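Following the numbering used here, the numbering of the sequence shown begins with 51 at its first residue and continues without gaps. Here is the structure we will look at, set down as structure tokens.
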Amino acid sequence: MAEKNDKKIQLYLDTSIPSAFYDTSKPLRQLITQKWFENDAELYELFISTIAIEEIEEIKNIEKKQNIKDLILEKNIQLIELSEVAVELAKEYIQKGAIPKSEPEDANHIAIASVNKLDALASWNFKHIVSVNPIRKVHEINSKYGYPIIEIGSLQIFGGSKYGNL
């Protein structure tokens, strides 16, 4: 998946991606995530945010929480801070109906990836992030404010489809 000039695609991972690695309640999603991290993650320059780390810290299962944090370290996933600019863009996503008011962290994830001009965002959140209407509205808002269009999808569009389809 590397581009012709061999520049790695910069891929933001929301909390659902590293969490799925250890989520036994969704075995196919877990398998796709594990295989993707084992075989495809190195093709990308990976990013995660302080928001994701805060969400991971809320996990009650101490072993699972530590395993997720270890995965992030092992895969050299770079940490991005939530900036004031991202907070303002996230508010715009909510105000314009791209993301529901009840899901400000989802808006923050997209805004962090957008203001940092990353190429893409991966998520297993099909309700509020990986869905046609939110993606269209995010693209409209990003264009209005001079941010590039960001590719948004599940791990399946970033190489994971060869391990199974949901």
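Where a beta carbon is used, it is the ideal one built from N, C-alpha and C, also for glycine. Note that the structure is a prediction, hence the values are computed from the model and not measured.
| Asked | Found |
| --- | --- |
| Which partner residues does Glu134 have in the DSSP bridge list? | None; Glu134 has no bridge partner. |
| So, with DSSP's three-state summary, where would you put Tyr213? | helix |
| Run through DSSP, which three-state label would Asn168 get? | The sequence shown places Leu at residue 168, rather than the Asn named in the question. In this structure, Leu168 counts as coil in the three-state DSSP scheme. |
| Taking DSSP's pairing of strands, which residues face Leu63 in a bridge? | Ala172 |
| Spatial neighbours of Thr100 within its chain, please: CB distance less than 6 Å, with the 5 preceding and 5 following residues excluded, ordered by chain position. | Glu131 and Leu132 |
| For Phe87, which three-state DSSP category applies? | helix |
| Measure the C-alpha to C-alpha separation of Ile118 and Asn89 and round it to an integer number of angstroms. | 18 Å |
| Could you give the first and the last residue of the continuous beta strand (DSSP E) run that contains Glu201? | Glu201 to Gly203 |
| Which term fits Val182, buried or exposed, when burial requires 16 or more other beta carbons within 10 angstroms of its beta carbon? | exposed |
| Checking 8 Å against the spacing of the C-beta atoms, do Ile98 and Leu63 come in under that value? | yes |
| Cβ of Gln61 within 8 Å of Cβ of Ala172? | As written in the sequence, residue 61 is Leu, which differs from the Gln given in the question. In contact: Leu61 and Ala172 (Cβ atoms closer than 8 Å). |
| Please look up how many angstroms separate the CB atoms of Thr83 and Ala102, rounded, as I've assumed it's under 8 Å. | The pair is not a contact, with the Cβ atoms about 15 Å apart (cut-off 8 Å). |
| Can you list, in chain order, the residues of its chain whose CB lies under 6 Å from that of Asp120, leaving out five sequence neighbours each side? | none |
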